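These notes concern the structure reproduced below.
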Amino acid sequence: MEGELVDKALLTKLWHPQKLLNGQANFFVSGWDYEKKGDWHIVGHDGGALLRVSAFFNAEFSDYRVVIYLTNGNLDGVWSRRLVKSLQQYWVTNPFSRLLVWAGLYESF
Numbered sequence: 001m002e003g004e005l006v007d008k009a010l011l012t013k014l015w016h017p018q019k020l021l022n023g024q025a026n027f028f029v030s031g032w033d034y035e036k037k038g039d040w041h042i043v044g045h046d047g048g049a050l051l052r053v054s055a056f057f058n059a060e061f062s063d064y065r066v067v068i069y070l071t072n073g074n075l076d077g078v079w080s081r082r083l084v085k086s087l088q089q090y091w092v093t094n095p096f097s098r099l100l101v102w103a104g105l106y107e108s109f
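For what it's worth, the UniProt record's numbering labels the leading residue of the sequence shown as 1, then goes sequentially.
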């Protein structure tokens, strides 16, 4: 995310949704899941019940978090997506936005 391995301009192009032919935004970017919550863009990959990788970043890539969740399996019904996204409430700075994210009301697009 610092632009050392992959240039920030290329990341911006690869990790932002393209418009579909009907004008709506796509929820996948270069093979990764994509969504936007408040000021944060989120890209991620889910390996079923065993793996989730999510990168949370602002538009300029000046602030970001990367969460990697590994497990031996999902026997207790915990969804990796929900677990990883629940961590976002700890770094959203605006208290009102933080409450909306926590409540699941700060929706994409």
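No residue lacks a Cβ here, since even glycine has one placed at the ideal position from N, Cα and C. Quantities reported herein were computed from a predicted structural model and do not represent experimental measurements.
Item, Value
"May I ask you to list the residues that DSSP assigns as paired with Leu5?", "According to DSSP, Leu5 bridges with nothing at all."
"Nearest to Leu14 by alpha carbon, out of Leu5, His45 and Ser30?", "Ser30"
"Measuring alpha carbon to alpha carbon, tell me which of Met1, Trp32, Asn22 and Leu51 ends up nearest Asn72.", "Leu51"
"Is the beta carbon of Phe61 less than 8 Å from the beta carbon of Leu11?", "yes"
"Quick check on the burial criterion: 16 or more other C-beta atoms within 10 angstroms. Buried or exposed for Ile42?", "buried"
"Assuming contact is defined by CB atoms lying nearer than 8 Å, are Val67 and Ser54 in contact in what I supplied?", "yes"
"To which residues does DSSP link Ala25 through a beta bridge?", "Lys19"
"What separation, rounded to the nearest whole angstrom, lies between the Cα atoms of Val84 and Tyr90?", "11 Å"
"Compare the Cα-Cα distances from Asp33 to each of Trp40, Leu21, Pro17 and Gly23 and report the closest residue.", "Pro17"
"Taking DSSP's pairing of strands, which residues face Lys13 in a bridge?", "Note: Lys13 sits in no beta bridge, so no partner."
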